[in-house]
């Protein structure tokens, strides 16, 4: 820069500093001007009061006067290159967070946001990466008003996810070192929405399952009170059906209560130990009469040494009763069910229940542990199933920190493996 340019810049700076001070001291200036005029009228030479004017101007330049605070700094290189002290704090959060400038550029994204939405280069415009008009409008409103806002937003890709999206201003630092940024956070409530949906479906399904036997009972009672009042043969038939319906409702209520109890303690792992060898023998003996009625043979293959796992004996009996009973009922065509126990002595215990029936189609396998889900509704009801057995099995195994593995091909039977 030339000497002439430097002089011009300094002159400009001088007036930029002097004018606000003159404006702030306009009352004193007016009083000084009046006194100067009076002195001139009184015959005092103007040069006499010149030193006083010079002293006044010097004092004015040295005096600090309140001025408007500079606008907060919006972007900082420290945040972009990861040196800002806020960076580790934001990265420690488990929810996606974007830090946005007042010009709608993304200054920073934490690790959770990068995992959820991919990498967003610094200084990218938010509108280029976020396609939701609702979120963009909310962010712009917050930037304009400085007030926090939030909306509920649903992402369809790569999978359905529901977020509560919130944006709020944050003033960090003071004075010239301060900055204003806007934090855009995504709180994932997908699991809450799924649980709400499952609860609604559960109530609807349970109501439907109870409504059907109740309607049957009501019809039979009306028939017994009317046309079959004096028909002993019809009465015997209807009473038998009514007994079956009442038994079905009783099983359904018992299963519902079991599920409720399991959900209350699903987070508490059992602290007892159970030997699976005698337990499986007890389950097989208990189901022997049912297997005989269905003409199914239950074979049991267990080690000679104990296989001990951590668990609740009654709950594990319920697990294997459900699995072996289902294998007998739905694999009846194969005429046999194989139960095999492996593991023990430090190895992971596994119980495999294999039937040789019609099997399960691939599209049904992921859903058969859902409440009231049935591959074949009529077949399930004819076999006196409630549609809750495998849901109970899944909940018990979750509490035992065990897994249920299902392998089946249509027409080739099914294999249910409990892995501890």
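Numbering (the UniProt record's numbering), first residue to last: 1 to 420. Yeah, the Cβ is synthetic: ideal placement off N, Cα and C, and Gly gets one too.
Element boundaries [alpha helix (DSSP H), containing residue i]
i, result
"residue 281", "276 to 294"
"residue 398", "389 to 399"
"residue 314", "313 to 330"
Close beta carbons around residue i, own chain, < 6 Å, minus the five adjacent residues each side
i, result
"residue 184", "98, 100 and 167"
"residue 359", "408, 409, 410, 411, 412, 413 and 414"
"residue 165", "135, 151, 153 and 186"
"residue 116", "96"
"residue 90", "97 and 110"
"residue 342", "350"
CA-to-CA distance, residue j to residue i, given in whole angstroms
i, j, result
"residue 410", "residue 137", "52 Å"
"residue 404", "residue 337", "18 Å"
"residue 367", "residue 373", "7 Å"
"residue 254", "residue 318", "12 Å"
"residue 281", "residue 316", "13 Å"
"residue 95", "residue 146", "22 Å"
"residue 354", "residue 190", "36 Å"
"residue 290", "residue 314", "20 Å"
"residue 226", "residue 351", "54 Å"
"residue 274", "residue 406", "24 Å"
"residue 321", "residue 234", "36 Å"
"residue 206", "residue 312", "27 Å"
"residue 265", "residue 104", "47 Å"
"residue 130", "residue 106", "11 Å"
"residue 390", "residue 215", "26 Å"
"residue 301", "residue 416", "15 Å"
"residue 371", "residue 172", "51 Å"
"residue 506", "residue 284", "The question about residue 506 has no answer here: the residues shown for the chain are numbered 1 through 420."
"residue 232", "residue 258", "39 Å"
"residue 449", "residue 160", "A query on residue 449 cannot be resolved here, the shown segment of the chain reaching from 1 to 420 and no further."
"residue 93", "residue 204", "38 Å"
"residue 369", "residue 155", "27 Å"
"residue 392", "residue 308", "22 Å"
"residue 124", "residue 163", "22 Å"
"residue 5", "residue 113", "Because residue 5 sits at a pLDDT of 46, beneath the cut-off of 50, its placement in the model cannot be relied upon, and the following sentence gives the value as read from the coordinates. Distance between the alpha carbons of residue 5 and residue 113: 49 Å."
"residue 394", "residue 256", "14 Å"
"residue 306", "residue 347", "12 Å"
"residue 248", "residue 212", "10 Å"
"residue 339", "residue 196", "37 Å"
"residue 200", "residue 230", "44 Å"
"residue 87", "residue 268", "36 Å"
"residue 330", "residue 364", "14 Å"
"residue 276", "residue 194", "35 Å"
"residue 418", "residue 228", "51 Å"
Delimiting residues of the beta strand (DSSP E) encompassing residue i
i, result
"residue 405", "403 to 408"
"residue 188", "179 to 188"
"residue 163", "161 to 172"
"residue 153", "149 to 155"
"residue 419", "414 to 419"
"residue 309", "308 to 310"
"residue 349", "347 to 355"
"residue 297", "297 to 301"
Sequence-distant residues of its chain with Cβ nearer than 7 Å to residue i (five each side left out)
i, result
"residue 293", "none"
"residue 220", "238, 241 and 242"
"residue 361", "410"
"residue 127", "104 and 136"
"residue 72", "Its pLDDT being 37, under 50, residue 72 is placed unreliably in this model, and the value from its coordinates should be taken loosely. Correct list, in chain order: 171, 178, 179 and 180."
"residue 334", "355, 356, 357 and 413"
"residue 132", "153"
"residue 332", "294, 296 and 357"
Residue i Cβ short of 8 Å to the ligand COA heavy atom set
i, result
"residue 250", "You won't find the ligand COA in this model; it holds no ligand whatsoever."
Neighbourhood of residue i by C-beta, 8 Å cutoff - its chain only, sequence neighbours within 5 removed
i, result
"residue 182", "99, 100, 101, 102, 139, 142, 143, 167, 168, 169 and 170"
"residue 423", "Residue 423 lies beyond the range of the chain shown here (1 to 420); nothing can be said about it."
"residue 328", "287, 290, 291, 294, 296, 298, 337 and 355"
"residue 270", "310, 311, 312, 315, 399 and 400"
"residue 217", "242, 245 and 246"
"residue 223", "234 and 238"
"residue 324", "283, 284, 287, 298, 337, 339 and 353"
>> Just to confirm the assignment: which complete alpha helix (DSSP H) runs, minimum length 4, are found wholly within the segment 83 to 144?
In response: 86 to 92, 111 to 117 and 126 to 129
> Taking the runs of the alpha helix (DSSP H) that are 4 residues or longer, which of them lie wholly in the segment 189 to 277?
Replying inline: 190 to 225 and 232 to 264
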